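Structure record follows, encoded as structure tokens.
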Amino acid sequence: MTDPASLSAVASTAVLPSAGDRAVRSTLFWLILCATAIAVATAHWLQHRYTFVSSPVDPATGRVLPRMMPHGSYGAFLPRSDAASNPPGRQPIVLLGNSVYQTCGIVERMQGLAEADGGQLAFVNRAQTGAGMHDYFAHMVKAVDLRPRLLVVAFIDLAFTPDYMRWSLPRFRTDADQMLFDSDVVLDVPWSFLHREFTLSTGLDSLVSSLFPYKRLDVLMRYEVDLGLYWPIVNTLHVDPVIVRVLFPLPVLNLTQDWVDRRDAPRSAQGRAQPWPELHELVTEFATVCQQNDVPVLFLHQEAASEMEPDVLPALRAACAPFAKVRVVDLRSAFVRTQFIDQVHPHEAARDAYAARHYKAILQALEELPAGAPGARSGK
């Protein structure tokens, strides 16, 4: 057995940190702690710096100027959901949708029609290219604090299916999942949704995004970074900007392009595309959150080719039937192939008529709101 006295002698001769070493370690600890705190605070400040009002009012004309979210996934974090984002004297209509609403000028045209009708409505554009129903869910939760007169969900069948051509689609097709733990969102997200849609790993990733939002800033600052990096080189060396962009490419960071280009995920269903198995639960949770916040909803099926699949309208109507303030409208009968670039996007010459159809459907939904709903007409 080891003699306790010998152990004591060994311990007494062990090298212990000197007072100078302890001071250095303490200084490093506090420097790292302060740097981390500054980095976190800076990330939140930068995110706040890039937020914007969705429907600002032109001070010269008094007209509402709806703004689309910056192209790319991370724009989801930028629109402000507070009283400052509501133009005074206007009633907000929040629009969720895909690239048609985001990039085709449809929302701007609808706002023009509203101004011609007296300017009581302010369209708040929260559409994102490639968004699906799971993305709409996150955007809806972020938007309910605006207490909109109506929440419009413009969609095609692709929003409700994991099947795209030969490939399987992700549940979240933008970075909307990254904001579900934000302070203005998490309290309204049903536990059933979080439990079904997140693993421990993806849930922690989303939580880290809320606490430390640096990962959200790349796309937001991309344009300014582009100018900061490229133009000094172009102006100083007189190099063609195209050459500079090829030699020093900046990341696009658009998740939609990522899953469209993906070729490693086989289609999950055999034969025809199938809706999400949890479609009923997903829509029920969506409508329940809106009902709890007294927000009426219009699910608006956009004009689309007959080849789009699957047909989710029967399942969607069944899920919405128990909710008095939820409407489902189908505009597919207005699809005329010669008026569309592809199966969904209208040609420039057809966009005025497209916007007029959607505007009319929204006004009709407002007319049909039950008594006591936000914005319901008296006597309705």
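Take the sequence shown: its letter number 122 is residue 123 in the numbering used here, and every next letter is one higher.
Note that the Cβ used here is the ideal one computed from N, Cα and C, for glycine as well.
Here the structure is a predicted model, which means the values were calculated and not measured.
Starting from the C-beta of Arg64, find all residues in its chain whose C-beta is less than 6 Å away, skip the five residues before and the five after it, and write them out in chain order. Here the set comprises Glu116.
Are Val190 and Val145 close, meaning C-beta to C-beta below 7 Å? Going by C-beta atoms, Val190 is not nearer than 7 Å to Val145.
Answer with buried or exposed for Met134, where buried requires no fewer than 16 other C-beta atoms within 10 angstroms of its C-beta. The C-beta of Met134 has 16 or more other C-beta atoms within 10 Å across all chains shown, which makes the residue buried.
Contacting residues, own chain, Cβ-Cβ under 7 Å from Val284 (five flanking each side not counted): For Val284, where only same-chain residues beyond five positions count, the Cβ hits under 7 Å are Leu317, Ala320, Cys321.
Just curious, the beta strand (DSSP E) that Gln112 is in, first and last residue? Here Gln112 belongs to no beta strand (DSSP E); instead the alpha helix (DSSP H) covers 107-117.
Roughly how many whole angstroms lie between the Cα atoms of Arg127 and Phe300? Their Cα atoms are separated by approximately 15 Å.
Suppose only complete runs of 3+ residues qualify. What are the beta strand (DSSP E) ranges in the stretch 319-344, listed by chain order? The stretch 319-344 contains these whole beta strand (DSSP E) runs: 327-331.
When the Cβ atoms of the stretch 191-198 are set against those of the stretch 150-159, are three or more pairs found closer than 8 Å? The stretch 191-198 makes no contact with the stretch 150-159; the number of CB pairs closer than 8 Å stays below 3.
Classify Leu96 as helix, strand or coil using the three-state DSSP reduction. If DSSP states are grouped into helix, strand and coil, Leu96 belongs with the strands.
DSSP state of Leu188, grouped into three classes? It is helical.
Going by beta carbon distance, what residues of the same chain come within less than 7 Å of Tyr360, once the five residues before and after it are set aside? Met111, Leu114, listed in sequence order.
Start and end of the beta strand (DSSP E) containing Leu201? Annotation: Leu201 is outside any beta strand (DSSP E); the continuous alpha helix (DSSP H) that includes it extends over 201-212.
Look at Ala366 and Phe324 and say whether their C-beta atoms are less than 7 Å apart. Judged by beta-carbon spacing, Phe324 lies beyond the 7 Å limit of Ala366, meaning their Cβ atoms are not closer than that value.
Alpha carbon to alpha carbon, what distance is there between Ala77 and Gly21? Roughly 50 Å between the two C-alpha positions.
Quick check: the Cα distance between Thr339 and Glu308, rounded to an integer number of angstroms? Roughly 15 Å between the two C-alpha positions.
Looking at C-beta atoms only, is the number of pairs between the stretch 81-98 and the stretch 35-45 that lie closer than 8 Å three or more? Because the criterion of three Cβ pairs below 8 Å is not met, the stretch 81-98 and the stretch 35-45 do not touch.
State the start and end residues of the unbroken beta strand (DSSP E) segment that holds Val298. In the DSSP assignment, Val298 falls within the beta strand (DSSP E) that extends over 298-302.
Output the distance between the C-alpha atoms of Leu159 and Thr175, rounded to the nearest integer angstrom. When rounded, the distance between both Cα atoms is 14 Å.
Can you find the residues in the same chain that come closer than 6 Å, C-beta to C-beta, to Ala270, ignoring five residues on each side of it along the sequence? Its pLDDT being 48, under 50, Ala270 is placed unreliably in this model, and the value from its coordinates should be taken loosely. Within the same chain, Ala270 has close Cβ partners Asp164.
Can you list, in chain order, the residues of its chain whose CB lies under 7 Å from that of Leu208, leaving out five sequence neighbours each side? Contacts found: Phe182.
Every unbroken alpha helix (DSSP H) inside the stretch 24-107 [4 residues or more]: The stretch 24-107 contains, as complete alpha helix (DSSP H) runs of 4+ residues, the segments 100-104 (chain order).
Leu79 versus Leu218: straight-line alpha-carbon distance, rounded: Straight-line Cα distance between these residues: approximately 10 Å.
Can you name, in chain order, every residue of its own chain whose Cβ lies under 8 Å from the Cβ of Met180, other than the five neighbours on each side? Here the set comprises Ala77, Phe78, Ala139, Lys143, Val186, Ser207, Ser210, Ser211.
Considering just the uninterrupted stretch of the beta strand (DSSP E) at Phe156, what are its terminal residues? Per DSSP, Phe156 belongs to the beta strand (DSSP E) from 151-156.
According to the neighbour-count rule (16 or more other Cβ atoms, all chains shown, within 10 Å of its Cβ), is Gly119 buried or exposed? Exposed is the call here.
Suppose the cutoff is 7 Å on Cβ atoms and the five residues either side in sequence are ignored; what does the same chain contact list for Lys216 look like? Apart from sequence neighbours up to five positions away, the residues of its chain that approach Lys216 with a beta-carbon distance below 7 Å are Ser210, ordered along the chain.
Could you check the C-alpha separation between Val108 and Trp31 for me, to the nearest Å? Approximately 51 Å, taken between the alpha carbons.
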